[in-house]
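Asks: Following this message is one structure expressed as C-alpha cells.
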Amino acid sequence: MTSQSTCTTCPYCGTGCGVLATPDGAGGLTVEGDPKHPANFGRLCSKGSALGETVSTEGRLLAPQIGDQPASWEEALTLVAEKFRTTIAEHGPDSVAFYVSGQLLTEDYYVANKLMKGYIGSANIDTNSRLCMASTVAGHKRAFGTDTVPGTYEDLELADLVILTGSNLAWCHPVLYQRIAAAKATRPSMKVVVIDPRRTATCDLADMHLAIQPGTDVALFNHLLSQSHAKGVVDLAFASQSLTGFSETLDTAYKTDVAVTGLSQEQLSDFSNLWVNTEKSVTVFSQGVNQSDHGADKVNAIINCHLATARIGKPGCGPFSVTGQPNAMGGREVGGLANTLACHLDIENPAHRASLQSFWNTPTIAERQGLKAVDLFEAVGNGKIKALWVMCTNPAVSMPNATKVREAISNCNFVVVSDMFATTDTARLADVVLPATGWGEKDGTVTNSDRTISRQRSVFPAPGNARHDWQIICDVAKHMRFSKGFDFSGPADIFREHAALSGLAAKLGKDFDISGLAQVSDVEYQSMTPVRWPVHSQGKVPNKRFFSDGKYFTADRRAKMVPVTQPHFPQELKPPLFRLNTGRIRDQWHTMSRTGQSPRLNQHYGEPFLEIHPTDAIQHGFLEADLVKVSNSFGSVILRALVTDRVRQGQVFAPIHWTGETAGNSVVSDLVPPVVDPVSGQPDSKSAYVSLSKFNAAWYGYAVAVQQPHATTNYWAKAKLADGWQLELANVNTPESWEGFARTLLRTGEAQCSSLFDTSKGRVRMAFHCGEQLVGALFVDRSPVQMSRTFAGKALGQSGLGVLAGRPSTVQLDPGATVCACFNVGVNTILAAIEDKNLVSVEQISTTLSAGSNCGSCRPELAALLSEARRQLAAE
Ligand SMILES: Nc1nc2c(c(=O)[nH]1)N[C@H]1C(S)=C(S)[C@@H](COP(=O)(O)OP(=O)(O)OC[C@H]3O[C@@H](n4cnc5c(=O)[nH]c(N)nc54)[C@H](O)[C@@H]3O)O[C@H]1N2
Ligand SMILES: Nc1nc2c(c(=O)[nH]1)N[C@H]1C(S)=C(S)[C@@H](COP(=O)(O)OP(=O)(O)OC[C@H]3O[C@@H](n4cnc5c(=O)[nH]c(N)nc54)[C@H](O)[C@@H]3O)O[C@H]1N2
Ligand code: SF4
Ligand SMILES: [Mo]
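For our numbering, add 1473 to where a residue sits in the sequence shown, where the first one is 1.
Next comes the structure, spelled out in C-alpha cells:
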C-alpha cells in the first residue's frame, strides 16, 4: 500500500473483497487485495485484479440525455419530476415504478426506497435481487422469522464438511472458493461435496460430485433429513426447545422418493453417511437453488436439515446463502424488495408501517406489497405502469422473457434509466438517461454475504456531469417537491439515518441493528473499517453468529421447519427438447458493461456459447464450433457449440453475459419463461425447454479491427482487445463485394486493401493497412474459421502482410485461448510446458509460467488441463 492508495471494496460479487486502489497517473488504477480486509485478506480474483482496466471514461455517459440529445441536469430533473408527478396525480401512486439493483450502494438504495414507499406512497419498487436472492429471503423468513444469514466466512474454514449446492463458487465467488481450498490444503480431512447437474470448475475441489437431475434438490435434502433421523443425529432436545414443525417435516421427508435425483444408491449412502458423521457442516447455496419455480422450498429443505441436527449458530455449522451482487445484502437491509420495508420491517404489519412513517415523518406510507419484478414488467407492458425508472440494472437483457420486457419498456409512456453508459440495451430504450457515477467515483457502503459492511470510496472525481445515484434520487425527489426528507449533506448523513432507523427496528424485534453506528461523524464514516452487523447501540459485543442461543425472530422465538415436497418434473425429455441451464463464466460480470472493457477478461471466452454433451452433438449433427439455433416459443438465439461432457445428455448450458451490444441474437434470457416461485416471486432462470438446430450459414468469418466494428450479420459477437476489437461472424447471405462489406464492417475508411481469394473453397482473406499499419483483417470460410485468434489480434497495428497467412510463422507458438487472465497465459503455452518441462503439479505450472500464481481463479482449469495432458502423455 502506498500513501496514495485508497481502501475500497470490489464492486462485483457478494464476497465483498477489500481492494487497495492506486491511480496510475494515466487515468487507470493499479489494484491489490487489501491484506487487512476480513473477506479476502489480500486475495483478489481475475475480475477484481482487472478493475484497473475498467475505469476509463471512454464510452461513458457524461451528461443527461433526453431522447438522443444531451441536456442540462435542470432540464432532465424537471422533466422526470414532472412526468412522475403528473402520472401519479392522474393515475395514482401505483401507476409508477422503480426497478433498482443490488449494485447500488446502501445509501443510494435507502433514499430510493424512502422516496417510493414514504413519499410516493406505493411499494412498486423492486430490484434485480428478485432474480437473485428472493427465494433465500422467503426461506429465511419462513424458518427464522426474519431474513438472517446466521454464519460467517470463518465457518467455511472451520467446517469439516462443506456442501456446495447450486453454486459454482470457483467462478462466481472465487475468493471464498480459494479460502475453502486453502483450509482444505492445511486440513485434508475436510470434505467438500458439490451438488450440481453440471461438472463445473468448482468440482475440482470436491471429494464428491453429485450430478443430480436438475430441480431435484428438495428430494435430496429431504432424504438427508430422513437419514439424519434414521441414523440418530437429529437433536431431539434442541427440537423440543427451539423448533416447530419438526414431526410434520420429518413425515414429509420420509415420504419423499429420492430416486428422482438420478443418483445411485451408493452415491446417496456415501453422501448421507458423510453428513450423518460430520457435525461441523456448512451448506453453501446459490442460484441453482434460488432460481427455481420452487426456490423457497429448496432453501427450506436445506435449512430443515441444519435445524433438525442443530447444526446452526455454532462454529463451522449452518446453512449459508452466498449473495450474488456486491450489495445484495444491503438492498435487503434497506427494504429494496416490493414486499419489505426498510430495516427488515414488515409491510403487512400496521405497527411497523406506523413506526416507519413516524420515524421518516412522511406524508404517506405504502400499505401493501408492490409488484415483483416479473409482474412489474408485465404491468409496464399492459400500460398499468405508465412511468418507470430503472437504476443500475439492465432488465432488457437479464429479465426472463427478455424480448417481451424490451417491448414493454419501449412502449411505456415514460422511462428513465440511470446508468454509467447510454449504450446498454435498456438505456437505448429510455426517454431519459441520467449519467451515474460508477465504482471508483462513488462513496458509500455495501454489505457482503456474511453481513460485513465495508466502505466503497472514491478514487476519481465524477466524470463530466455524472452524479452519484443518491444525489440523483434526492434531486428528483426535491423536484417533485419532497424536499424535507431528502436534504442530505452526503452519504454519511444518509447512513446515520439508516443506522438510527435500524435501532427502532431492533426494538420491534428485528435482527438487523446497526444503531451503534448512528452517531458516526463524517470523519469517522470516512475512515470506517469493515464491521459485521449487528452493531447494537448498547455497545454490547454480540456473538458474531446468529442463533447461538437457540432463539429466533418468530413470535414464539422458535425456528420453523417447513414441510416441503419435491414437485413433479418431466422425467424424460423427448427429443428434440433440451433443458436449458443458464449461468455465469469466470471472467465476465452479467451484461459485461464493465468487465467487457478489459481486454484480458475478454480472452477467457470471447463469444456466447452452448455447452452440449458429445452424444447429443453427434445425434444432432453438430460439430465443435458449429453455430446452433436454440429456440422455444419465447424466442430464438444463436450460440457457438461447445461440445463437452461437463453437461449431461439432454441438458445444455449457456452463459448469460452477451447482449444486443456485444452480440447479434444471443440474449439467452429471451428463452427463459416468466415462470416464478409462487412463494418468493423469483423467476426460474435455470430450466427453459428448448429445441436445437444447426444454424446453416453460407459463410463464417473472423475479423479484427482497430475501430469498433458495426455488424449486422445473422450471427456476430464482438470483444475488445488490447489494440482494437475482434469479431466472430456468420451469415446466410453472401455480400456482392467482400471488400465493400469488409470496409463498412471494420470501418477501415481509405485504408489499402490486400486480399486472397480461394473461390473453390469459399475462402476470403483481407487485410487493410493505413500506411504501414494493419487496421483491420477479415477471414471468411464455408465452415467455422479455424485460425489463431491471438495471432490475428496481436497483428493489429503491425506492418506487413503476414496476417493473411492466418497463423504465426513456425518459430512462434500460438498461445491459444487465455486460461490465466492475470498473466495472460494461453492453453497452448501451458500444454507445451507440461510436456516439455514434465510438469506434474499446478504449483509447478505456477512457478514455471506464473499462471495461477496471482488471483488463483484459473487453478481449477490448470488442474483439469494438467490431468488431461498427463493422461494423454501416459497413453502415448
Ligand atoms: N464471474 C462472475 N461471478 C459472479 C457473477 C457474474 O456475473 N460473473 N454474478 C454474481 C451474482 S449476481 C450471482 S447471483 C452469483 C451466482 O453464482 P452461482 O449461483 O454460483 O452461479 P450460476 O452460474 O448462476 O449457477 C450456479 C450453478 O447452479 C447449477 N444448477 C442449475 N440448476 C440446478 C439445480 O436444479 N440444482 C442444483 N443443485 N444446481 C443447479 C448450475 O449448473 C450452475 O453451475 O454469482 C456472482 N458472481
Ligand atoms: N437467464 C438468466 N438470467 C439471469 C440470471 C441467470 O442466472 N440466468 N441471473 C439473474 C441475477 S442473479 C442477476 S443479479 C441479474 C443481473 O442482471 P443486471 O443487473 O441486469 O446486470 P448488470 O450487467 O449487472 O447491470 C448493471 C447495470 O448497471 C450499470 N451500473 C454499474 N454501476 C452503476 C452505478 O453505480 N450506478 C448506476 N446507476 N448504474 C451502474 C451497469 O453499466 C449495467 O448497465 O441477472 C439475472 N438474470
Ligand atoms: S471474489 Fe473477485 S469479484 Fe468477488 S469481490 Fe472478490 S475480487 Fe471481487
Ligand atoms: Mo445475482
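The beta-carbon is built from N, C-alpha and C at its ideal position, and this holds for glycine as well.
When you compare each of Pro1964, Thr1722, Asn1750, Ile1685 to Val1762 by their alpha carbons, which one comes out closest?
Replies: Indexing the sequence shown from 1 puts residue 1762 at position 289. With distances taken between Cα atoms, Val1762 lies closest to Ile1685.
Asks: Closest to Val2125 by C-alpha separation, out of Ala2347, Glu2084, Ser1754, would be which residue?
Replies: In the sequence shown, residue 2125 corresponds to position 652, counting from 1. Looking at the Cα atoms, Glu2084 is the closest of the given residues.
Asks: Rounding to the nearest angstrom, what Cα-Cα distance links Ala1783 and Ala1712 in this structure?
Replies: Position 310 of the sequence shown, counted from the start, is the residue given in the question as residue 1783. Position 239 of the sequence shown, counted from the start, is the residue given in the question as residue 1712. About 8 Å.
Asks: Check whether the Cβ of Tyr1485 lies closer than 7 Å to any heavy atom of ligand 3, and answer yes or no.
Replies: The sequence position of residue 1485 within the sequence shown is 12, counting from 1. True, at least one ligand heavy atom lies under 7 Å from that Cβ.
Asks: Start and end of the alpha helix (DSSP H) containing Met2239?
Replies: Here residue 2239 refers to the residue found at position 766 of the sequence shown. That residue, Met2239, is in no alpha helix (DSSP H); its beta strand (DSSP E) goes 2236-2243.
Asks: What's the call for Gln2181, buried or exposed, on a 16-neighbour Cβ count within 10 Å?
Replies: Position 708 of the sequence shown holds residue 2181. Burial call: exposed.
Asks: Just confirm the distance between the C-beta atoms of Ala1512 and Tyr1650, as a whole number of angstroms; I'd bet it's less than 8 Å.
Replies: Here residue 1512 is taken as the residue at index 39 of the sequence shown, counted from 1. Here residue 1650 is taken as the residue at index 177 of the sequence shown, counted from 1. Contact doesn't hold; Cβ gap of about 13 Å is too wide.
Asks: CA-CA distance, Thr2186 and Asn2204?
Replies: Working through the sequence shown from its first residue, we reach residue 2186 at position 713. Working through the sequence shown from its first residue, we reach residue 2204 at position 731. Their backbone Cα atoms lie some 5 Å apart in a straight line.
Asks: Cβ of Ser1786 within 7 Å of any heavy atom in ligand 2?
Replies: On the sequence shown, position 313 is the one that residue 1786 refers to. Inspection of the sequence shows that residue 1786 is occupied by Gly rather than by Ser. No - ligand 2 has no heavy atom lying nearer than 7 Å to the Cβ of Gly1786.
Asks: What distance in whole Å lies between the Cβ atoms of Tyr2162 and Leu2202, which are believed to be in contact at a cut-off of 8 Å?
Replies: Within the sequence shown, residue 2202 is the residue found at index 729, counting from 1. Within the sequence shown, residue 2162 is the residue found at index 689, counting from 1. Contact flag wrong, Cβ pair sits at about 29 Å.
Asks: For the alpha helix (DSSP H) containing Pro2128, list its first residue and its last residue.
Replies: Position 655 of the sequence shown holds residue 2128. Premise fails: Pro2128 lies in the beta strand (DSSP E), 2124-2128, not in any alpha helix (DSSP H).
Asks: Please list, in chain order, all residues of the same chain as Leu1990 whose beta carbon is under 6 Å from its beta carbon, the five residues on each side excluded.
Replies: Numbered from its first residue, the sequence shown carries residue 1990 at position 517. So the list reads Ala1972, Val2008, once near-sequence residues are dropped.
Asks: Among Trp1862, Gly1500, Asp1541, Asp1677, whose alpha-carbon lies nearest the alpha-carbon of Ser1529?
Replies: Within the sequence shown, numbered from 1, the residue matching residue 1529 stands at position 56. When only C-alpha atoms are compared, the closest one is Gly1500.
Asks: Quick one: Cα of Glu2334 to Cα of Ala1674, how far?
Replies: Reading the sequence shown from its first residue, position 861 is the one you call residue 2334. Reading the sequence shown from its first residue, position 201 is the one you call residue 1674. Approximately 7 Å between the Cα atoms of the pair.
Asks: Is Thr1638 near ligand 1, going by C-beta to nearest heavy atom under 7 Å?
Replies: Position 165 of the sequence shown, counting from 1, holds the residue named residue 1638. Yes, since a heavy atom of ligand 1 falls inside the 7 Å radius drawn around the Cβ of Thr1638.
Asks: For Leu2112 and Thr2088, what's the separation of their Cα atoms in angstroms?
Replies: Mapped onto the sequence shown, residue 2112 falls at position 639. Mapped onto the sequence shown, residue 2088 falls at position 615. Answer to the nearest angstrom: the Cα atoms are 18 Å apart.
Asks: Give a yes or no on whether the C-beta atoms belonging to Thr1527 and Thr2068 are separated by under 8 Å.
Replies: On the sequence shown, position 54 is the one that residue 1527 refers to. On the sequence shown, position 595 is the one that residue 2068 refers to. The answer is yes: Cβ separation under 8 Å.
Asks: Specify the secondary structure class of Trp1546 as computed by DSSP and reduced to three states.
Replies: In the sequence shown, counting from the first residue as 1, residue 1546 sits at position 73. Here Trp1546 sits in helix by DSSP.
Asks: Using the Cβ count rule (16 or more neighbours within 10 Å means buried), how would you classify Ala2114?
Replies: Mapped onto the sequence shown, residue 2114 falls at position 641. Classification of Ala2114: buried, given that the 10 Å Cβ count is 16 or more.
Asks: What does the Cβ neighbour count give for Ser1602, buried or exposed, with the cut at 16 atoms within 10 Å?
Replies: Numbered from its first residue, the sequence shown carries residue 1602 at position 129. Flag for Ser1602 reads buried.
Asks: Would you kindly report the start and end of the unbroken alpha helix (DSSP H) that includes Gln1929?
Replies: Walking along the sequence shown from the start, residue 1929 turns up at place 456. Premise fails: Gln1929 lies in the beta strand (DSSP E), 1925-1929, not in any alpha helix (DSSP H).
Asks: Can you find a heavy atom of ligand 4 that lies under 7 Å from the Cβ of Gln1842?
Replies: Here residue 1842 corresponds to residue number 369 of the sequence shown, with the count starting at 1. No; taking the cut-off as 7 Å, the Cβ of Gln1842 has no heavy atom of ligand 4 nearer than that.
Asks: Could you compute how far the alpha carbon of Val1666 sits from the alpha carbon of Ile2129?
Replies: For the purposes of this step, residue 1666 is taken as residue 193 along the sequence shown, with counting starting at 1. For the purposes of this step, residue 2129 is taken as residue 656 along the sequence shown, with counting starting at 1. If you take the alpha carbons of Val1666 and Ile2129, they lie about 25 Å apart.
Asks: Among His2077, Leu1493, Val2116, which has the Cα closest to the Cα of Leu2096?
Replies: Reading the sequence shown from its first residue, position 623 is the one you call residue 2096. Ranking the options by Cα distance to Leu2096, first place goes to Val2116.
Asks: Taking 7 Å as the limit between beta carbons, can you name the residues of its chain near Ser2104, skipping five residues before and five after?
Replies: Position 631 of the sequence shown, counted from the start, is the residue given in the question as residue 2104. Around Ser2104: Val2163, Ser2164.
Asks: Tell me which residue opens and which closes the beta strand (DSSP E) that Asp1892 is part of.
Replies: The residue labelled residue 1892 in the question sits at position 419 within the sequence shown. 1887-1892 is the span of the beta strand (DSSP E), which, as asked, contains Asp1892.
Asks: Any heavy atom of ligand 3 closer than 7 Å to the CB of Lys1520?
Replies: Here residue 1520 refers to the residue found at position 47 when the sequence shown is read from its first residue. Result yes, Cβ under 7 Å from ligand 3.
Asks: Less than 8 Å between the beta carbons of Gly1591 and Gln1830, yes or no?
Replies: As a first step, residue 1591 is located in the sequence shown; it is residue number 118 there, counting from the start. As a first step, residue 1830 is located in the sequence shown; it is residue number 357 there, counting from the start. Yes, they are a contact pair.
Asks: Extract the residue ranges of the alpha helix (DSSP H) inside the region 2280-2338, only unbroken runs of 4 or more that lie entirely within it.
Replies: Fully enclosed alpha helix (DSSP H) runs of 4 or longer: 2300-2309, 2315-2322.
Asks: Report yes or no: do three or more beta-carbon pairs, one from the region 1615-1625 and one from the region 1820-1828, lie closer than 8 Å?
Replies: At 8 Å Cβ cutoff, the stretches do not touch.
Asks: Within this structure, are the beta carbons of Thr1689 and Gln2039 separated by less than 8 Å?
Replies: Position 216 of the sequence shown holds residue 1689. Position 566 of the sequence shown holds residue 2039. Yes, Cβ-Cβ distance for Thr1689 and Gln2039 is below 8 Å.
Asks: Report the rounded CA-to-CA distance for Pro1484 versus Glu2349, giving the unit in angstroms.
Replies: Taking the sequence shown and counting its residues from 1, one reaches residue 1484 at position 11. Taking the sequence shown and counting its residues from 1, one reaches residue 2349 at position 876. The alpha-carbon atoms of Pro1484 and Glu2349 are separated by roughly 47 Å.
Asks: If you check the beta carbons only, do Val2120 and Arg1671 fall under 8 Å apart?
Replies: Counting from one through the sequence shown, the residue named residue 2120 turns up at place 647. Counting from one through the sequence shown, the residue named residue 1671 turns up at place 198. For Val2120 and Arg1671, yes; Cβs fall inside 8 Å.
Asks: Tell me whether Gln2070, by its Cβ, gets closer than 7 Å to a heavy atom of ligand 4.
Replies: Taking the sequence shown and counting its residues from 1, one reaches residue 2070 at position 597. Because no heavy atom of ligand 4 lies under 7 Å away, the Cβ of Gln2070 does not count as near it: no.
Asks: Using three-state DSSP, classify Lys1443 as helix, strand or coil.
Replies: For residue 1443 there is no data in the structure shown, the boundaries of the chain being 1474 and 2349.
Asks: Buried or exposed: Arg1805, going by 16 or more other Cβ atoms within 10 Å of its Cβ?
Replies: If you number the sequence shown from 1, residue 1805 lands on position 332. Buried, because 16 or more other Cβ atoms sit within 10 Å of the Cβ of Arg1805.
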